[in-house]
Amino acid sequence: MFARKVPAFTFWRGVLAVALGAGLYSAYLRFTAGLGASTALSDSFPWGLWIGFDVLCGVALAAGGFTISAVVYVFNIDRFKPIIRPAILTAFSGYLLVIVALLFDLGRPYRIWHPLVMWNPRSVMFEVGWCVTLYTIVLALEFSPILLQRLGLQKPLRLIRSTMIPLVMVGVILSTLHQSSLGSLYLIVPHKLHPLWYSPLLPLFFFVSAIGLGCAMTIIESFLSYRAFRKSLEIDLLSDLGKITVVTLSVYLILRLQDLIGRGVLKEAFEPTYEGRMFLAEILLGIVAPIVLLLIPVIRRNHFSLFVAAVLAVLGFIMNRLNVSITGMEGALGHYFPSWTEISVTSMIVALGFALFATAVKYLPVFPAEDTRASGDAELLAPTVLSQPLFSSTTLVLALGGFFLGSSLLLGGNGLWLRMQTKETPVRAALGSPPGMADRYFTMPADISFPKAESSPGQVTFRHSSHVDAKQAQCLVCHQERFRLLKASAPATRAGLDLHSDPFCGACHNGEKSFNVKEDCQNCHEAK
Amino acid sequence: MPVSPTAKKGLLFDVTRCVGCGACYQACKERNRLPQTTTDFLQDHLSDRTFTVVNKRQNRFVRRLCMHCEVPTCVSVCPVGALEKTPTGPVIYHEDRCIGCRYCMLACPFSIPRYEWSKVLPRVRKCDLCAERLANGQPTACSEVCPTGATLFGEREQLVQVARERLAATPATYKPGIYGLEEVGGTSVLLISDVPMESLGYPKGLMKEPLPLLTWKVLQRIPNFVIAGSALLGGIWWITSRRDKVKQAENQPEENK
Chain G
1 MFARKVPAFT
11 FWRGVLAVAL
21 GAGLYSAYLR
31 FTAGLGASTA
41 LSDSFPWGLW
51 IGFDVLCGVA
61 LAAGGFTISA
71 VVYVFNIDRF
81 KPIIRPAILT
91 AFSGYLLVIV
101 ALLFDLGRPY
111 RIWHPLVMWN
121 PRSVMFEVGW
131 CVTLYTIVLA
141 LEFSPILLQR
151 LGLQKPLRLI
161 RSTMIPLVMV
171 GVILSTLHQS
181 SLGSLYLIVP
191 HKLHPLWYSP
201 LLPLFFFVSA
211 IGLGCAMTII
221 ESFLSYRAFR
231 KSLEIDLLSD
241 LGKITVVTLS
251 VYLILRLQDL
261 IGRGVLKEAF
271 EPTYEGRMFL
281 AEILLGIVAP
291 IVLLLIPVIR
301 RNHFSLFVAA
311 VLAVLGFIMN
321 RLNVSITGME
331 GALGHYFPSW
341 TEISVTSMIV
351 ALGFALFATA
361 VKYLPVFPAE
371 DTRASGDAEL
381 LAPTVLSQPL
391 FSSTTLVLAL
401 GGFFLGSSLL
411 LGGNGLWLRM
421 QTKETPVRAA
431 LGSPPGMADR
441 YFTMPADISF
451 PKAESSPGQV
461 TFRHSSHVDA
471 KQAQCLVCHQ
481 ERFRLLKASA
491 PATRAGLDLH
501 SDPFCGACHN
511 GEKSFNVKED
521 CQNCHEAK
Chain X
1001 MPVSPTAKKG
1011 LLFDVTRCVG
1021 CGACYQACKE
1031 RNRLPQTTTD
1041 FLQDHLSDRT
1051 FTVVNKRQNR
1061 FVRRLCMHCE
1071 VPTCVSVCPV
1081 GALEKTPTGP
1091 VIYHEDRCIG
1101 CRYCMLACPF
1111 SIPRYEWSKV
1121 LPRVRKCDLC
1131 AERLANGQPT
1141 ACSEVCPTGA
1151 TLFGEREQLV
1161 QVARERLAAT
1171 PATYKPGIYG
1181 LEEVGGTSVL
1191 LISDVPMESL
1201 GYPKGLMKEP
1211 LPLLTWKVLQ
1221 RIPNFVIAGS
1231 ALLGGIWWIT
1241 SRRDKVKQAE
1251 NQPEENK
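And the structure:
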């Protein structure tokens, strides 16, 4: 099995190589020049693509894992057993990639372990940190039988299998907490997130939509794995997954709409704003369209059309997370578009995910075709998929993705233009004395008397009143850099220094800005 | 105004008294050893090198700085407790704990915390209400140098009284209300003005309850959720697996016959 010839240079391997190359170069920039130089993030927009896509969407990949394992192990519905391994593999790779993305996004990635030691249980981020850690461990254990089986280690395999039930239960609880807590992250920004997305129900929305994504992703993986390795699942099972997806998405849609109506903000969706357009695109293309497609039995019974519907659901899900984390925030925080470095790091992480999944499917017993089912079954499956010509299906997928992206960009661009149109032009403040000047008073600091040197013709006293216009006092004309302010309360001892020179009185009393210190001693020095 | 060392401190900024001299801006730079960032301080903005600014808006001068909330959002969202609300008022930052997740920056209702974007190992930077000076019984640097008393330092309770007295003494001069008295549960920095603070760039429509309550309402349910969830899952598993066993037991004798 391992003694293979040198891998051929295919299109997808080329894509992988490009993504890896660009991503590694961006990684180099990120870790040598810092976040400011390598990202479009700023003080006003501190969370961008890496949080919005890599973390929010990556974590949701795990939803399939916990849903299916709960169905099989807790509810004892054995029919779904063949899906469990690909779902857990997806979840595991999703979490590993989230950790990689976090290492890019955190300002100090080497302190990623801090939340485990330095506790703040009131922080949602603290909960997120713990869930990532614990669920990654649980997923590693849930995934280990696949590896152990491949290596033929029977003893540890039996040990793990005997603990599978409690392990799955822990996983379900952790995952429920984690999926919803990503929504809770945004509960604390009610004044910043647009009302079309801000809701007290955000944790619930994140949880339900993640389950939908989990099912859709399993369908997609099954299709792609078949295309690549001729390893797939029965259409009956996938069709049932499609049904579950429809139910989940419908529940999700009803919850979202009810919430919008309840808060009285549904009308904002139909206003010609950037946010309104993006919201409609998300709901119509990403939720309604896959529901309609998956309701049609013919589409559900065909590997390829099922795959297309699942792709739509996944794109809609991604759009939702980006809308919550970016679009919905832009009104309050200003415009954000990721830099090419951010995009290429994200592409690298996605490419790594595909590569990880593909490698695992190739070398490990992930799909049941090899070990539990006769090889003949795989042949039976073939005609339904192969009836779709390889080239045309790829074109169709690309066209669909292009349409989706293009339309959302177009809607976004149009909305952006509208937003710029209605934007108030900032009133440039006119110069002049502010009104109500009589109410203000300016307390001049105390006079500063400099100690008299032996050669001095007389005592010098500095008076703010003769240097400053009380109506338009501009302290920083003098106190920026030249004369330090905080030392004003300290005794003004300038003994041993020539106050006539530049950093002191001579700075302005040079005959140009004001009379020269050399003109008349009596100007400053008191007569004896 | 006598100031007790243990009492909760604060600042009162009176927009009607500020002449825009910039002394507070400069004093802040000097006390925090920050580099100069501009030639015209009125045009400057908050950054990792500027913790307070004086801006001209609506023909008035208005300061911006960390509000030092009574129940700070940044403190509640920080996963590692790098931000801390001290008993005397200042919200301070522990650099050695910070992992750089920037949740504080996203969550702050006043959008105050700034990040050292140009550094490879950045810190969050913001006003710390001169916590060190307060501990030594000194006022904040900005209030000490203010020539007009527009920035007043004192115990928060006393400042509220001062503000109320000013509002009562010349009601025509001021818009009613003290900004920061109730916003997001109250702040240590209070502002009074002759125009709405919202028109001077301060966020409007902030809720009266502290924002951390929004997430705490959800987070405090976790222990109950874990217990109830485990019980529910365990129960379902017990029922379903027993059902299978019963089915097997019923089927087997028949097969044996």
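The listed protein sequences correspond, in order, to chains G and X. Residues in the first sequence are numbered from 1 upward in steps of one, following this note's numbering. Residues in the second sequence are numbered from 1001 upward in steps of one, following this note's numbering. All C-beta atoms, glycine included, are put in the ideal place defined by N, C-alpha and C.
Counterpart residues of Asn1055/X in DSSP-defined beta bridges:
Along the second sequence, read from residue 1 onward, the residue named residue 1055/X stands at position 55. Beta-bridge pairing links Asn1055/X to Val1062/X.
Measuring alpha carbon to alpha carbon, tell me which of Val55/G, Phe357/G, Val74/G ends up nearest Asp1244/X.
Taking the first residue of the second sequence as position 1, residue 1244/X is located at position 244. For the residues Val55/G, Phe357/G, Val74/G, the minimum Cα distance to Asp1244/X belongs to Val74/G.
Closer than 8 Å to chain X by CB, His194/G
Mapped onto the first sequence, residue 194/G falls at position 194. Not an interface residue.
To which residues does DSSP link Arg1114/X through a beta bridge?
Numbered from its first residue, the second sequence carries residue 1114/X at position 114. DSSP, once it has assigned bridges, lists Arg1125/X as partnering Arg1114/X.
Would you check if there are 3 or more beta carbon pairs closer than 8 Å linking the segment 180-195 of chain G to the segment 1103-1116 of chain X?
yes
Strictly below 8 Å CB to CB, what residues from chain G border Gly1234/X?
Stepping through the second sequence from its first residue, residue 1234/X is reached at position 234. Residues of chain G passing the Cβ test: Met169.
Can you list, in chain order, the residues of its chain with a C-beta nearer than 8 Å to that of Tyr1174/X? Leave out the 5 residues immediately preceding and following it.
Position 174 of the second sequence, counting from 1, holds the residue named residue 1174/X. Correct list, in chain order: Thr1016, Arg1166, Leu1167, Ile1192, Ser1193, Asp1194.
Between Gly58/G and the rest of its own chain, which residues show a CB-CB distance below 6 Å, the 5 nearest in sequence each way excluded?
Translated into the one-based positions of the first sequence, residue 58/G becomes position 58. For Gly58/G, where only same-chain residues beyond five positions count, the Cβ hits under 6 Å are Gly94, Leu97, Val98.
How many Å lie between Thr1258/X and Leu1129/X at the Cα?
The structure shown does not extend to residue 1258/X, since chain X spans only 1001 to 1257, so no value can be given for it.
Does the count of Cβ pairs from the segment 251-266 of chain G and the segment 220-238 of chain G closer than 8 Å reach three?
No, the segment 251-266 of chain G does not touch the segment 220-238 of chain G.
From His530/G to Glu127/G, what does the alpha carbon distance come to, in whole angstroms?
This structure leaves residue 530/G out entirely; chain G is present only between 1 and 528.
Closest by CA to Gly1100/X, which one among His1094/X, Thr1086/X, Pro1090/X, Pro1122/X?
Along the second sequence, one-based indexing puts residue 1100/X at 100. Selected option, being the one with the closest Cα: Pro1122/X.
Rounded straight-line distance, which links the Cα of Leu20/G to that of Met348/G:
Against the first sequence, residue 348/G aligns to sequence position 348. Against the first sequence, residue 20/G aligns to sequence position 20. Inter-residue distance for Met348/G and Leu20/G is about 5 Å (C-alpha atoms, whole angstroms).
Lys362/G - DSSP class collapsed to helix/strand/coil:
In the first sequence, residue 362/G corresponds to position 362, counting from 1. Here Lys362/G sits in helix by DSSP.
Under a CB-based cut-off of 8 Å, is Met1067/X close to chain G?
As a working note, residue 1067/X is residue 67 in the second sequence. The C-beta of Met1067/X comes no closer than 8 Å to any C-beta of chain G.
What do you get for Ser162/G, buried or exposed, if any count of 16 or more other CB atoms within 10 angstroms of its CB means buried?
For the purposes of this step, residue 162/G is identified with residue 162 of the first sequence, where counting begins at 1. Here Ser162/G is exposed: its Cβ has fewer than 16 other Cβ atoms, across all protein chains shown, within 10 Å.
From this set, Trp1216/X, Glu1030/X, Cys1021/X, which residue's C-alpha is nearest Asn120/G's C-alpha?
For this step, residue 120/G is matched to residue 120 along the first sequence. Per the Cα distances, Trp1216/X.
Using the beta-carbon of each residue, which ones in chain G are nearer than 8 Å to Leu1167/X?
Translated into the one-based positions of the second sequence, residue 1167/X becomes position 167. Here the premise fails: no neighbours, minimum Cβ distance about 13 Å.
Residues of chain X with a CB under 8 Å from the CB of Leu106/G: which are they?
Translated into positions along the first sequence, residue 106/G becomes position 106. What Leu106/G touches in chain X: Ile1099, Gly1100, Cys1101.
Is it right to say Tyr274/G is buried, meaning 16 or more other beta carbons lie within 10 angstroms of its own, or is it exposed?
The count along the first sequence starts at 1 and reaches residue 274/G at position 274. Around the Cβ of Tyr274/G, a 10 Å sphere holds 16 or more other Cβ atoms; the residue is buried.
Could you check where the alpha helix (DSSP H) with Glu1307/X kicks off and where it finishes?
Residue 1307/X is absent from the model: chain X starts at 1001 and stops at 1257.
Cα-Cα, which of Ala527/G, Leu295/G, Ala63/G is closest to Phe206/G?
Position 206 of the first sequence, counted from the start, is the residue given in the question as residue 206/G. Cα-wise, what sits closest to Phe206/G is Ala63/G.
Run down chain X in chain order and give the residues with a C-beta less than 9 Å from the C-beta of Asn510/G.
The residue you call residue 510/G lines up with position 510 of the first sequence. Within 9 Å Cβ-Cβ: nothing; Asn510/G doesn't reach chain X, min ~21 Å.
Contact set for Arg301/G: own chain, Cβ-Cβ below 7 Å, skip 5 residues either direction:
Numbered from 1 along the first sequence, position 301 holds the residue referred to as residue 301/G. Correct list, in chain order: Ile235, Ser239.
Please go through the same chain and pick out, in chain order, the residues whose beta-carbon is closer than 8 Å to the beta-carbon of Glu221/G, but skip the five residues on each side of it.
Here residue 221/G corresponds to residue number 221 of the first sequence, with the count starting at 1. Here the set comprises Pro86, Thr90, Phe357.
Please report the straight-line C-alpha distance between Arg30/G and Ile299/G, rounded to a whole angstrom.
On the first sequence, residue 30/G is found 30 positions in, with the first residue counted as 1. On the first sequence, residue 299/G is found 299 positions in, with the first residue counted as 1. The straight-line gap from Cα to Cα measures roughly 44 Å.
Using a beta-carbon distance cut-off of less than 8 Å, what residues from the segment 1188-1217 of chain X approach chain G?
Asp1194, Pro1203, Gly1205, Leu1206, Met1207, Leu1211, Pro1212, Leu1214, Thr1215, Trp1216
For Gly36/G and chain X, any beta-carbon pair shorter than 8 Å?
Locating residue 36/G in the first sequence gives position 36, where the first residue counts as 1. True, the Cβ-Cβ gap to chain X drops below 8 Å.
Which partner residues of Ile1092/X appear in the DSSP bridge assignment?
In the second sequence, counting from the first residue as 1, residue 1092/X sits at position 92. Its beta-bridge partners are Glu1084/X.
What are the partner residues of Glu1155/X, as DSSP defines its beta bridges?
Against the second sequence, residue 1155/X aligns to sequence position 155. Paired residue(s): Lys1009/X.
Just verifying my parser: in three-state terms, what is the DSSP assignment at Phe450/G?
Walking along the first sequence from the start, residue 450/G turns up at place 450. Reduced to three states, the DSSP call for Phe450/G is strand.
For Leu187/G, go through chain X and note every residue whose CB falls closer than 8 Å to its CB, in chain order.
In the first sequence, residue 187/G corresponds to position 187, counting from 1. Taking a Cβ-Cβ threshold of 8 Å, the residues of chain X close to Leu187/G are Leu1214, Thr1215, Val1218, in chain order.
Inter-residue spacing [alpha-carbon to alpha-carbon] between Phe504/G and Arg463/G
As a first step, residue 504/G is located in the first sequence; it is residue number 504 there, counting from the start. As a first step, residue 463/G is located in the first sequence; it is residue number 463 there, counting from the start. Between the alpha carbons of Phe504/G and Arg463/G lies a gap of roughly 14 Å.
Over what stretch of residues does the beta strand (DSSP E) that includes Phe367/G continue unbroken?
Along the first sequence, one-based indexing puts residue 367/G at 367. Looking at the DSSP string, Phe367/G is not in any beta strand (DSSP E), and its letter there is neither H nor E.
Interface partners of Arg301/G on chain X, CB under 8 Å:
Within the first sequence, residue 301/G is the residue found at index 301, counting from 1. Chain-ordered listing is empty here: chain X has no CB closer than 8 Å to the CB of Arg301/G, the nearest sitting near 29 Å.
Checking 8 Å against the spacing of the C-beta atoms, do Ile287/G and Gly242/G come in under that value?
For the purposes of this step, residue 287/G is taken as residue 287 along the first sequence, with counting starting at 1. For the purposes of this step, residue 242/G is taken as residue 242 along the first sequence, with counting starting at 1. Contact flag unset, no.
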